[in-house]
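With the working numbering applied, the sequence shown closes on residue 188, and no number is skipped along the way.
Here a beta-carbon is modelled for each residue, glycine too, at the ideal position from N, C-alpha and C.
Single-structure report; data block below.
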Amino acid sequence: MHMKEDHMKNGQLKPGYNIQIGVEGEYIVGVDVSSERSDQLTLIPFLYKLK
C-alpha cells in the first residue's frame with residue numbers, strides 16, 4: 138500500500154487508496170478500490186469488469 142506524503146510535516150502518514158466508480162445514467166454500475174498509486178494499472182481491468 139502506498140502512503141500519502143506528509144504535507145503538514147506532523148508525522149501522520151495516511152494510507153492512499155484509489156477508488157473508481159462506474160456510472161451509467163444515474164446508477165452506479167461498478168466500484169473498485171485498490172492500493173495502486175494511479176489509474177494506469179487499474180483503469181483497463183476495471184472497464185473490462187463493467188462489460
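Can you find the residues in the same chain that come closer than 6 Å, C-beta to C-beta, to residue 156, ignoring five residues on each side of it along the sequence? Contacts found: 170.
Looking only at DSSP bridge pairs, what is residue 172 linked to? In the DSSP output, where bridge partners are listed per residue, residue 172 has none listed.
Could you check whether residue 185 and residue 172 sit closer than 8 Å to each other, using their CB atoms as the reference points? no
Per DSSP, what are the beta-bridge partners of residue 158 in this structure? 168
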